[in-house]
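Enquirer:
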Amino acid sequence: MDENFAGGWPITWTRIVHPLPVLAIMVVIVFAKVPLEPTAFRTTLLFILLLSPYILISYYDRYGAMTVGLKMLLLIYALFVIRQIKVPRNRSNHSDAV
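Residue -7 is where the sequence shown starts when you use the numbering used here, and the numbers rise one by one after that.
Written out as C-alpha cells, the structure is:
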C-alpha cells in the first residue's frame, strides 16, 4: 500500500479538507468586492486572530475545534464569491477558422 494512504481514508480525507478554510480566505481576499463585506472581514479577522498564537507556538488539530463555525462561514462565503465571478464568454462564430 502507498505510504500516503497508510492511515486509511480518514487521514486522506483530513489532508484534503484541512486546508480548505485557508483556501477560502485566499479566494475571499482575491476575488471579493473591495471593500469586503463586514461579516466576511470580521470572520476572516477572527479566524486569523484566534489561530495565530497556536500557529506561532505549536499547532495541533484540537486547537482548530473552536473555529469550526468560522471555517464553515469562510467556506460558504468563498462559494458565494466564486458564484458571483463573471467569466467573459467569447461569442465569436469561429467562422474565421479554416
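We treat Cβ as the ideally placed atom computed from N, Cα and C, and that holds for glycine.
1. Quick one: Cα of S44 to Cα of L62, how far?
2. For the alpha helix (DSSP H) that V20 lies in, which residues bound it at each end?
3. Going by CA-CA distance only, name the one from A24, L37, H10 that's closest to K78.
4. Spatial neighbours of I3 within its chain, please: C-beta separation below 7 Å, excluding the five flanking residues on both sides.
5. Under 8 Å by Cβ, that's how I've got V20 and V73 pegged, so tell me the actual separation to the nearest angstrom.
6. In this structure, does DSSP put M(-7) in helix, strand or coil?
7. Leaving out the 5 sequence neighbours to the left and right, which residues in its chain are closer than 8 Å to T35 when beta-carbon positions are compared?
8. Out of curiosity, what's the CA-to-CA distance linking R7 and D53?
9. Taking the alpha-carbon positions, what's the T31 to L37 distance?
Expert: Answer, in terms of the structure:
1. Residue mapping note: residue 44 aligns to position 52 of the sequence shown, counting from 1. Residue mapping note: residue 62 aligns to position 70 of the sequence shown, counting from 1. Distance between the alpha carbons of S44 and L62: 14 Å.
2. Here the question's residue 20 lines up with position 28 in the sequence shown. Note, V20: alpha helix (DSSP H), 12 to 23.
3. If you number the sequence shown from 1, residue 78 lands on position 86. With distances taken between Cα atoms, K78 lies closest to A24.
4. Walking along the sequence shown from the start, residue 3 turns up at place 11. Nothing listed; no residue qualifies.
5. Residue numbering aside, residue 20 sits at position 28 when the sequence shown is read from its first letter. Residue numbering aside, residue 73 sits at position 81 when the sequence shown is read from its first letter. About 6 Å separates the two Cβ atoms, so the contact holds.
6. Looking up residue -7 in the sequence shown gives position 1. Confidence is the limiting factor: at M(-7) the pLDDT is only 46, short of 50, which leaves the residue's position unreliable, though a coordinate-based value still follows. DSSP places M(-7) in coil when its eight states are reduced to three.
7. Mapped onto the sequence shown, residue 35 falls at position 43. Answer for T35: L62, L65, L66, Y69, listed in chain order.
8. What you label residue 7 is simply residue 15 of the sequence shown in a count that begins at 1. What you label residue 53 is simply residue 61 of the sequence shown in a count that begins at 1. So the two alpha carbons sit approximately 12 Å from each other.
9. To locate residue 31, count along the sequence shown from 1; it is residue 39. To locate residue 37, count along the sequence shown from 1; it is residue 45. Going by the C-alpha atoms only, they are around 10 Å apart.
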